[in-house]
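These notes are about the structure you will find just below.
Residue numbers (this note's numbering): 12 to 355.
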């Protein structure tokens, strides 16, 4: 017996520019395969209007454009879904099966599917593959840039964290809850000022020495030397009211530090309850009617002391004095020093 030579795959000739030309030159496909492919597309669009509910068919239709192998898979699926329509001779009475079998037959006529798949292959190799390579290179470059930016952000975050803890260390707080810790420091401020005012009494000898030096150098200047420091040394943590007038206030009222609970953050923005209807106040203003005065709820207590006609210096601080004018707010030792610097 003569042994047959093993079959070898036939490669397209080097003289053929594309696989389509190779198929046409060897007459594996018809010259009018494009018209046949358009006819197949028309039949396919008509068949897609009536499709059974199947997850795999839904997945195939959601993908790219259908081709010959997709149609073969749809026919296999329809053999299971349309099995009840099979007659005694093995044929299907279902119109769906008939349509897709006709589409497959049109594809196989003159090997139209080979020409279409060859054109898809050429398009993928010529355009889609280079585009994907460029996209991959861009994504890799973007990945490197993002990795570098991540490292820079981590370094910047570490530096800011160190600066934050250094600032917290300067203020004597841990930084776990900055707001509560700063409020606690504010509560300690009056006792700190009292300690400073009590320690200022030890500077009496230094003040006298400085005064003697000034009198010797300036030939007995008429202005008093260090009046504020002398006052703090004698009275301690006093108020600006007492320093300017020499009268001790009846009562010193200090505002209490109220801790406002933090409200939880919400994603939605609360714009409030806005109404389009005009209010009564706006209507009265438009018509020129008189409006009632606003009651601010502030009542001034009568002063038990007689204030002189001197102009008093407005100050800022943590307490108020009952018996002083409304625009004049005395404070503790901190604002006292500030007011003295502004006065002189």
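For every residue, glycine included, the Cβ atom is placed at its ideal position computed from N, Cα and C.
Bear in mind the structure is a predicted one, so any value in this text is a computation, not a measurement.
If you check the CB distance, residue 248 and residue 178 do not come in under 8 Å. Beyond the five residues adjoining it in sequence on each side, residue 196 comes within less than 8 Å, by CB distance, of 182, 183 and 184 in the same chain, given in chain order. DSSP, reduced to helix, strand and coil, places residue 261 outside both helices and strands of the structure shown, so it counts as coil. In the DSSP assignment, residue 255 is bridged to no other residue.
Residue 253 and residue 246 do touch by the CB rule: their CB atoms are close to 7 Å apart, below 8 Å. Annotated as distal: residue 168 and residue 31, with beta-carbon spacing of 8 Å or more. Excluding sequence positions up to five before and after residue 115, its CB lies within less than 8 Å of the CB of 79, 82, 83 and 86, all in the same chain and listed in chain order. Taking 8 Å as the cut-off, the beta carbon of residue 222 is found closer than this to the beta carbon of residue 236. In the DSSP assignment, residue 126 falls within the alpha helix (DSSP H) that extends over 123 to 134. CA-to-CA, the gap between residue 61 and residue 108 works out to about 11 Å. Residue nearest to residue 76 within the set 59, 121 and 95 is 59 (criterion: CA-CA distance).
Annotation for residue 142: no residue places its beta carbon closer than 7 Å to its own, counting only its chain and skipping 5 residues before and after.
Within the same chain, Cβ atoms closer than 8 Å to the Cβ of residue 123 are found at 40, 41, 44, 47, 48, 51 and 117, the five residues on either side in sequence being excluded. Counting along the chain, the unbroken alpha helix (DSSP H) around residue 110 starts and ends at 106 to 119. A residue is called buried when at least 16 other Cβ atoms come within 10 angstroms of its Cβ; residue 257 does not meet this threshold and is exposed. The beta-carbon separation of residue 88 and residue 113, rounded to 16 Å, does not stay under the 8 Å limit for a contact.
Bounds of the alpha helix (DSSP H) holding residue 30 are 30 to 36. By the 16-neighbour rule on beta-carbons within 10 angstroms, residue 266 is exposed. The bridge partners DSSP lists for residue 97 are 103. Under the criterion of beta carbons closer than 8 Å, residue 240 and residue 207 do not qualify as touching, at roughly 11 Å. Secondary structure at residue 147: helix, using DSSP grouped into helix, strand and coil.
For residue 63 against residue 29, the beta-carbon gap comes to about 38 Å, at or over 8 Å, which does not count as contact. Exclusion of the five residues before and after residue 199 leaves no residue of its chain whose Cβ lies closer than 7 Å to its Cβ. Here residue 236 carries a coil assignment [DSSP, helix/strand/coil].
DSSP places residue 158 in the helix class (H, G or I) of the three-state scheme. Along the length of the stretch 43 to 73, whole alpha helix (DSSP H) runs at least 4 residues long occupy 44 to 58 and 66 to 73, reported in chain order.
Around the beta carbon of residue 255, a 10 Å sphere encloses 16 or more other beta carbons of the protein chains shown; the residue is thus reported as buried. Residue 217 sits in a helix when the DSSP states are folded into three classes. Sixteen is the threshold: since fewer than 16 other Cβ atoms of the shown chains lie within 10 Å of the Cβ of residue 238, the residue is exposed. Residue 249 sits in coil when the DSSP states are folded into three classes, being neither helix nor strand.
DSSP, read as helix, strand or coil, puts residue 211 in helix. The alpha-carbon separation between residue 213 and residue 162 amounts to approximately 56 Å.
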